Every structure is written in C-alpha cells, then in structure tokens.
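Since the structure comes first, as structure tokens, the remarks are kept for the end.
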Amino acid sequence: MMLQLYQSNRLEILADRLAQVLATPQDDPFAPETVVVQHQGMGRWLSLRLADRLGVCANMRFPMPAGFIWEMLEGLLDDVPEQNHFAPQALPWAVYQHLDMLKGEDGFDGIRTYYEHNGEVERFQLSQQIAGCLDQYLVYRPQWVSTWERGQQAVEGDEWQAQLWRSISRRCGGEHWVSLQKRLFNKAQQGGLNSEGLPSRIALFGVSSLSPGYLNLLGLLGELTEAHLFLLNPCQEHWGEIVSESDRLKQESDESEEAFYFDVGNPLLGSLGKQGRDFFNMILELDPGSEDLFVPPTGNNLLHGVQQDILYLQDAGDLPPGVWRKDDDSISVHACHSPMREVEVLRDRLLDLFQRHPDLTPSDVLVMTPDMDTYAPYVESVFSESGDGARIPFSIADRSAVSELPLLEVFLRLLEMPGGRYDVNSMLALLEVRAVAARFGLADGDLPMITEWLEQAEVRWGKDAGTRKALGLPETGQNSWQAGLDRMLLGYAMPPEDALFQDVLPFDGIEGSNAQVLGGLKAFADEVFRLESLLKGARTLEQWAQSIPMLLERFFLATEEEEYQLQSIRTAVAEIVESTATAEFDGRVTIDLLGYLLRERFETGGGHSPFLGGGVTFCALTPMRSLPFEVVCIIGMNDGQYPRDRRPPGFDLMSGRHRIGDRSRRADDRYLFLESLVSARQVLYLSFVGQDIRDNSPIPPSVLLSELLDYIDRTHRDEAGELPSRTLLVKHPIQPFSPRYFQSGSDLFSYSELMCRAAGVVSDSVPIRHLVSEALPEPEDEWRRVELAELLYFYANPSRYLLRNRLGITLRADESLLETRDPFELAYFQQSELMHGMVERALEGESAEALLGLEQAAGQLPHGVYGEQLFERLNAQSRRFAEGVATYQADGETVTLELDFSHDSVRLMGKISDVGPSGRFGYSVNRLPDSRLLQLWVEHLALNLAAEGGITPQTLWLDSEELIRFAPIDNAPELMGQLLSLYWQGLSMPLRLFPKSSRRYAEKLQKGNELEKCLEEAQRRWCGKHFPEFDDAYYRLAFPDADVLSGEFMALSEQVFGTLLAHMEVQ
C-alpha cells in the first residue's frame, strides 16, 4: 500500500496523470473509482476531463472529504452510527434544545439574559453560532472535546460550553468524529485494521485545505490501501518557511529569533499563500512518495512572468525591471462606477478578445465574483442583450435559490404574512407571480386593473380594524382590505350612487365580466388572511411538514416547468425534519422559525443552474473553485468585500488561539486569489467599483488587487520607464455611451452600436436631434373639423396633443408603489374635490355634514379626531368662499349656446354651457393654473362668437386669490382665427408655447421690462428649482434641449398670452 503525492502548477496535468492512474484496472472490475474533491464544480470539471482522456467517465464517485471520511470510518470500524448526531446540520438543534434546559444553571447568565430579551428566531441563531464553534472544536480541537468529556477544563473560560457539550453528548449518546477517530487509531495500534472495508484505490484531487485530523486519517489510509494525492502547487521549490513581508517585519519588531530563519521569497506567494504553505507542510509530514509535474509558462507576457516568478520562488524586484508593453493585456484592471458598469465593460472586453483570438471560445472563459446575487441580474441583462448582433452565450451558477426560483420567495413571504401589516404593495407583489394569480383565476392583464381599484378604493394596509388593534393603534377599519373589498362588492351589486349603505360607500367602476376578477381578488385576500389561523401556534416540525403541501395547493397553480420549485420546498422541509430527528429534537416551534430556516437554506444554498453549464461560466468566488481557463475574470474586487473577513463571536474559544491548520475565511480568499492567478492561461481580467457614482471620487480596490499591482510596479516598467499600474488600471466613464469610447486614438472602446448612436447624441460635436425635426405631413381633412373640447385640450399642452394624437405616443407616469401609510393629509386634488363639494352644498343651502361620512367611508380623510377637525376647517373655508361665489353667481336660468365657426377651412364646433344674461361665471377653490387660464380665454372667445341677443358675452372666474374678468370682445373672430391657425400648425410641428413660462414672459413684457429680464423670468419657470415646467415628460420629449425659450417662443408667448393679458382684468 502507498500514499503517493502528485504536484503541479497546472490542474489539467494533474487530471491527465489521474487518468493514467485510473487506466490501470482495479482487482474488482465492477468496483467504482473513488475520487475525493472539495467542490461539486471540481467533480464536474474533472469528469469531463477524464471522459476526454479515457473516452468515457463512468462508475466513478466524487464524494466530499467529510462524507468520504465517515464512509471510511464505517468501513474500518464496527458499530459506527448510521446517523451522525453531531453533524453540522443536526448540532444546532441539539444546542437549541439543551440551552433551553440549561439556561437557568450557574455559568449561563449571559445565555439566560439573551433568552429573556429575544424571540425564538434570535435564540436559534445563537444556537447556530454556538454549534458552529462546537463543530470547529470537533475538527480542529479534538483534545478539548475529549478533556470536556472527562469532566475537566480544557482552556480558560470554557465552563458553560463544556457543560453544554457534556449535556448534548449524554443525550445523543452516539459517537462523534473525535471518539471514532480515537477508536480507529487505537485499533490500528493493536493491529486490528484491514482494508476489506475500503476501496482498493482512492484519489484525492484538487483539495487545498484539510484539517490535521483528516490528514492523519489520510496517512493511515495510505497504510491500508492505494491512496493518490493530486494537489495544485503554485511553486515547484520548497516554500514551507517563507512568510509575508508583514509577518517578517512583525517578527523583527518582536526581536524574534525566528526572523533569522524565515524568508519572504516571492512576495505574492508569501502574502497570499499562507494557507497553502501550512497545508503542504502538513502533507509532507505524512512522508508520501512524491512526483513533480511542474510546467513553466511558455509565454513572455506579464501574466506568465508573474506566474513564473511564483513557480521559481523568485522576487523579480531584486532583478532589473522587465519591460511591459502597452499592447500586453494578459493582466488588466478596470475601475468602474457600479456593478452594472463592470459587467458592461466586461462584455466589451470579451468581445474584443474573441475578435482578436478566433480560436478562443466562450467556454474558455470563467468569470468569478464574491457576490453572485448582486451581479447575476446585471449579467443576465447585459449578456442576454442581442440588439447589437453579438450575443455571448453564458451560464450562471451559485445564485441563491431564492433569487433564481420566484415561487420560493413568494412562499417565504406567505409564511411571514401572519401578524404583519398586509400592506397593499406586499399583497400585490404576491399576485405578480403567475402561479399565484392563476390559482385564483386571475390573468396577467388583470393586475393593472386590480391595482387601480385598490388605489381608488384607498386600500392601504391591515386586514380590518382588528389588525390595527393588535398593533396598539385605534380600532378603525378605514383604509383596510375589508373596507376596500366591501366597497367593491357593494358597488358591483348596487347601481352607482353617492350615498352610504349601512356605513359603506359603494365603489363605482366594477361591472360585467370584471366581477370574475373581483371574485379572484376577494378569494386571494381571504386565503392570505386565513393564514393567521392556519399558521397559528407552535407545533412539532413533523406537524408543520404535514401542513406545507396544503399551503402549496392553496396558493400555487404551477406549470410542469414550475413544479420543481414547489418540490424544492417540500424537499427542504423534509431535510429540516430529518436534521431534527438526527439531533433527537422533539420540541415545538412556530412558523417564524420554520420560515427562517427555509429562507436561510434557500439564500445560502445554490440554485438549480449547474456549474460549467455552457458558454462563459459565471460563478461565485469560493474556495476550491480555481479551475484552469484560458481567460479568468474576477469582478467585484472591492475594498472590504474581498477578501472576506469573518469576525468570530465572543465565545469562540479558538479565537486568539491560532494553530497551524486552522481555517480562516480571509486566508482562504487570499489563497483562492493566488490559485486563480496561477490558473489563468492567457488572460487575467480584474475589475472593481473604483469610482463613486455620485461624485466620481476614487474608491480603493481590494487589498489583494493592490498587492498585485504593487508587485507589478516593483518588477516592471513600461516602455517609457513609467510604472505599469498607471496604464494597467483603466478608469471607465460613468456611462456606456460616453463619447470617449468612440473617439479615434482612445484606449477605450465599445462594441455596442446602440451606445455609439447614443454617444453621438451626447457629444458636443453632434447637435441634439429632436423627435420632430421636420414638419409632419398635414393631417387628413377630418382634422379640419375640431370640437371645442379638443381645442381646449390642445392648448392645455400643445406638445402633448401632437405626440399623442398625431404620433400615437402616450407617456405614462412612472409606475410607483401604492401608498401604504394612513392618510395624514388630503392630496391636492382630493382637497380641491372635497372643497368643491362643500361649496356646492353651501350654495344650495345644505349642510356639509353628510360629506364627512362619505369622505371617511371613501378612506380619504385622516383617521379620528384629526380628520374631523381637518374636515371642519376646510368646510369653514369653503363656506366663506361660497359667500363670494354667491355674490357673482348669475340669477335666473342659464342656457347652452351652440358654436359653429370657420377659419381658413378649419371648422370649430361645440357647446358653451351655463351662460346667463350677464355671461358665464365659474370658480375654483384653488388658484387657477396657467394652462386652465389659457383654456378659459379660448372659452371666452367661443362665448363671444356664439353669444345671442340679450346675452352679455363676458366671463367671470373666481379662484382662491382673485376675480378674473374678460370683457366682451369686438374682434373675437380674428383672435379665434389666430388660435385655430396655431392649432393647425401645431398638428405638424411642436409649438414652443408653454403656459407657465409663456405667461411669465408676457407679463414681464407687458410691464415694460427689457427682453433679457423677460426671458430670465420665463427661464426660472421653465427649468428652475421649484416645479419647473420642463419636467413635463411631453415637453422633454418634444424639446430635449432645455434652451428653447427664444425666437418662436417669444413670438407665440406675446401673440397668445400677451393678447390674453391685455384683455384680462383682475380684482
């Protein structure tokens, strides 16, 4: 038997050597080959490589180290328990159960205080942290565990943990890793071991870290069977005594004698390779046979030079600096403003590589990131875009299941609903998922209509009045789901009327086939609210597991493609139940804890997308993921995010007591970066968020990236003798359409045709193109007949009319979330509408008290006394305003006049209502907007054109601040003809007529101000700080450049608003 070590700086060479080993048949031709790997991704890559070398890869197992070790113990020892009661997934439950029993004991004061002030989920999280420490003790401090079980103290401050361990060990009864290991070596010393229970050949491939206990067992296996270790070693020299520069300086400052025996060697290897150094030192203590398979890099570029320095353990900084050519992009570093920009830049750089290297394929590229869930949406967005005709195939691995499978997230939200606010946006978010909507008979197109109903019915949050009472708020059902649904159901059942029915105000607008949609909405809400009773109380996990299928059936109607998502939920629940059974936990828990466990499992566990799924592979930057690729990219190399730093809890007894072989997340990340550097065959691409997206200030990269750049600067100079990092580090613009990407001679480039066109728009050398740069063809003759209402709509916003009516462009307001807070003030339009109703009632001599009940039932007034006080205040204002209205309101009957006027083949028709003997009178409880003032002027001209004998064609309008009067006009046909001509012109080109800005310009001009002062005032209204007119989406689209207040604007403002103001009297 033997223990054979194979070392190489190339993983593919190790795989080929493994293929040679496997080519020799085992004694049993049906026995499977066992190759231990530390990550499933490594197993997948290795199986593909072996299949390529051997023709087929079959009857081969790729277990993980922990599972393999347990199998070996089962094969070598009798009475090994089938279930490991101390497994990482079971130990938290044991800790949770025993902490609850021991919290009253001496020494558990801190635990007892934590339990008294925290809930079930927080207590279990504490148990998980403690269990994590105990698991590490089993693996890395087995002597502590043995000491505790003898009833002795192992280290200072271990009293309560020792007592907890003894309690768990007595209850579980089964053997754990430490006791089994001790029994195994005792049996070996007695000569009682044989290889009958072991495979005849074992291989360990690509593992970069194992605990001392695992390595000792590996050495024992080498005495019993054929064991082969295939390890990636970045250096062919002995580097067991090298240290980082910082460690050497620390030893010198401590005047340690060891400082004289340690060497830095290669600074990168010394800084990044501490974990690997300790691992290889422990391997060599096993005294294996050794076969070196190192291969020097064959190229002469920067990447191969750095790899060669590491391979030969040399510090090139002690040699004359090498020359780095600017066309050498084997190592490149990119600083961007955001993760999105990192991915956009990456895509362009990969397209450039594929163009310059035709033999390079997408499957030759690996992209890693420390935070896959953050970058995955940007990758999907950028790499799925094929508008430029250059789509790069890709696959994403290592996303959390929650981010990849939408039904999982919905299910977790449902579990969190009971006892919550039931706010309208959270409820609608559930219905956005097709499987949920389909379960209640709702289609994709129903959601916008449902959203509009809920907004108009003022549904904010809460099931009913009871929800508010449970949260310590006044017990009112206003703005609740029950109030809104009652209004909708009553509105469908009753004819439209503005009156309460049993204190419920019917909601108008639901009729006909919409009843089915309303029924689906009601059924959905009822099922969500029923969760409070279905998920109430504490149960055993077995009982919860029996309830889950019922919940899935109630809320999801999954397609065949979606069914596996629901199966993932069932599987996860079953695995949680199994872990509690292993730990012999039989306690009762609430749905909150089960929901936490499922969310934790789905957020930390990978989704269903496989590693090496085809095309460019995107994956998480995790240990043992350093596979060889022609191009290795690492994005998200941000300061503070990589290397990751895990701060141990205060009760971690290993903290501050470091030993060789201990795991460290930070050391793992450093060694992974070193392995990635070694595994890149042609290109190493690195990027980070290096510029603040708000103020463009620089942001430092990961310290690992800085160390690499520092080493390159120590060992190389560019052709001009400058530091290479000044050119290697590329700082990208904040936008992908920056003209810098498309200028000749620039080091920046982009393959996006769309961004190139956009860059032409923003470039100073290219004028801004307007949507309508030339006059549209004249409209058909039917447009020559215009209704008065259409003309009024035109003059409210001429640009909007042209874009909507001629070009069919309708710009909708940004879809914002519905309001989920109780109303504390009335919205502007709501207050205006309410006060208008109050004024009407006052004019009719009626009380406005009835309106109070209507407004409360409609859910618009603030709750309680404050809402009533607000109502009274507005009512008092409205009654005072009504007195002014009564003064000017016409006595006697009013008539409706017919309008029929023609000008240059344009015919204007319509009706002018509410005309009395002294003309028209109207009012608004708020100040009259400028657009409405212009409409009032058009109506006044129409009145003068249609007025008959006995009617004085004047217009009076009273608003909250002034009385506006337009007197009779002799030249109304001429003025209306001008407006109709502008209307016809505005059907072909956007008019530079903007009511707010035009009025301000005309007012200043009328008062004799200089043109410059007039334009300054108009400019403040157009693009100033307070509600600028240019914010209107239609104006922005019609006039993308804000500087439009000249020429035509001045002429139109004077022609339209100048004439209006000349005829307007204000009192």
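Mapping to the UniProt record's numbering: the sequence shown position 530 is 530, numbers consecutive. Note that CB positions come from ideal geometry on N, CA and C, so glycine has one too. Keep in mind the model is a prediction, meaning the values are calculated, not measured.
Within the 8 angstroms Cβ cut-off, does residue i reach chain B?
i       : result
Tyr-214 : This model lacks chain B altogether; it includes just one protein chain.
Among the residues of its own chain, which have a CB less than 8 angstroms from the CB of residue i, if the five just before and after it don't count?
i        : result
Ser-687  : Val-333, His-334, Ala-335, Cys-336, Glu-342, Val-345, Leu-346, Cys-633, Ile-634, Ile-635, Gly-636, Met-637
Arg-740  : Pro-733, Ser-746, Leu-748
Gly-1058 : Ala-1002, Leu-1005, Gln-1006
Glu-257  : Here the model assigns Glu-257 a pLDDT of 49, short of 50, so the residue's position is not dependable and the matter cannot be decided.
Met-449  : Asn-514, Val-517
Leu-1015 : Tyr-1001, Leu-1045, Ser-1046, Met-1050
Gly-419  : Ala-470, Glu-532
If distances are taken between C-alpha atoms only, which option among the options comes closest to residue i?
i            : options                            : result
Val-37       : Ala-15, Arg-53, Thr-24             : Ala-15
Ser-426      : Glu-82, Arg-439, Phe-411, Ala-438  : Phe-411
Gly-491      : Trp-453, Thr-113, Gly-977, Gln-275 : Trp-453
Glu-872      : Gln-856, Leu-852, Ala-857, Glu-883 : Leu-852
Arg-666      : Leu-3, Pro-199, Ser-271            : Ser-271
Leu-803      : Gly-867, Tyr-1035, Met-550         : Tyr-1035
Gln-236      : Ala-227, Thr-225, Arg-277, Met-368 : Arg-277
Asp-1032     : Arg-123, Pro-798, Glu-122, Glu-948 : Pro-798
residue 1068 : Val-139, Tyr-137, Met-2, Tyr-96    : Absent from the model: residue 1068. The displayed extent of the chain is 1 to 1067, so no value can be given.
Please say whether residue j and residue i have beta carbons closer to each other than 8 angstroms?
i            : j       : result
Leu-818      : Val-517 : no
Thr-582      : Ala-87  : yes
Leu-442      : Leu-531 : no
residue 1080 : Phe-185 : Because the chain is modelled from 1 through 1067, residue 1080 falls outside the range shown and cannot be assessed.
Ala-435      : Ala-620 : no
Leu-293      : Ile-13  : yes
Ala-850      : Ala-842 : no
Asp-464      : Ser-480 : yes
Phe-524      : Phe-440 : yes
Could you pull the start and end residues of the beta strand (DSSP E) that residue i belongs to?
i       : result
Arg-681 : 680-689
Leu-963 : 963-966
Ala-58  : Premise fails: Ala-58 is in no beta strand (DSSP E) and is neither H nor E.
Lys-911 : 906-916
Quick one: what's got a C-beta closer than 7 angstroms to residue i's C-beta in the same chain, skipping five residues either side?
i       : result
Glu-409 : Val-402
Ala-796 : Ser-931, Gln-935
Ala-19  : Leu-50, Arg-53, Leu-54
Leu-180 : Leu-73, Leu-77, Val-80
Arg-10  : Val-295, Pro-628
Glu-385 : none
Glu-475 : Ala-465, Arg-468, Lys-469
Gly-299 : none
Could you spell out the range, first to last residue, of the alpha helix (DSSP H) harbouring residue i?
i       : result
Leu-489 : 481-493
Gly-289 : Note, Gly-289: premise wrong, no alpha helix (DSSP H); beta strand (DSSP E) at 289-292.
Leu-76  : 65-76
Cys-619 : Counting along the chain, Cys-619 falls outside any alpha helix (DSSP H), though it belongs to the beta strand (DSSP E) covering 616-620.
Ser-384 : 372-384
Leu-958 : Premise fails: Leu-958 lies in the beta strand (DSSP E), 955-958, not in any alpha helix (DSSP H).
His-117 : 109-117
Phe-829 : 828-843
Glu-196 : Here Glu-196 belongs to no alpha helix (DSSP H), and DSSP marks it neither H nor E.
So, at 6 angstroms on beta carbons, what are the nonlocal neighbours of residue i in its own chain, with the 5 sequence-adjacent residues on each side left out?
i        : result
Asn-233  : Gln-7
Leu-956  : Tyr-888, Phe-921, Arg-965
Gln-1055 : none
Trp-165  : Trp-148
Ser-676  : Ser-626, Val-632
Leu-597  : Ile-576
Cys-133  : Asp-652
Glu-1048 : Arg-992
Met-494  : Pro-506
Does the distance between the C-beta of residue i and the nearest non-hydrogen atom of the ligand NAP fall short of 7 angstroms?
i       : result
Val-367 : Only the bare structure without any ligand can be found here, which leaves the ligand NAP out of the picture.
Legend entry - Every unbroken alpha helix (DSSP H) within the stretch 864-902, with a cutoff of 4 residues, ordered by chain: 864-888
Inset, instruction - Would you list, in sequence order, the uninterrupted beta strand (DSSP E) runs of no fewer than 3 residues that lie entirely inside the stretch 529-556? - result: none
Inset, instruction - Could you pull out every unbroken beta strand (DSSP E) segment of at least 3 residues lying fully inside the stretch 766-808, listed in chain order? - result: 785-787
Inset, instruction - Could you tell me which uninterrupted alpha helix (DSSP H) segments, each at least 4 residues in length, are contained entirely in the stretch 386-464, listed from first to last along the chain? - result: With a minimum length of 4 residues, the continuous alpha helix (DSSP H) runs that stay inside the stretch 386-464 are 401-404, 406-416, 424-431, 434-439, 446-456.
Legend entry - Sequence ranges, alpha helix (DSSP H) only - wholly within the stretch 285-345, length at least 4: 302-311
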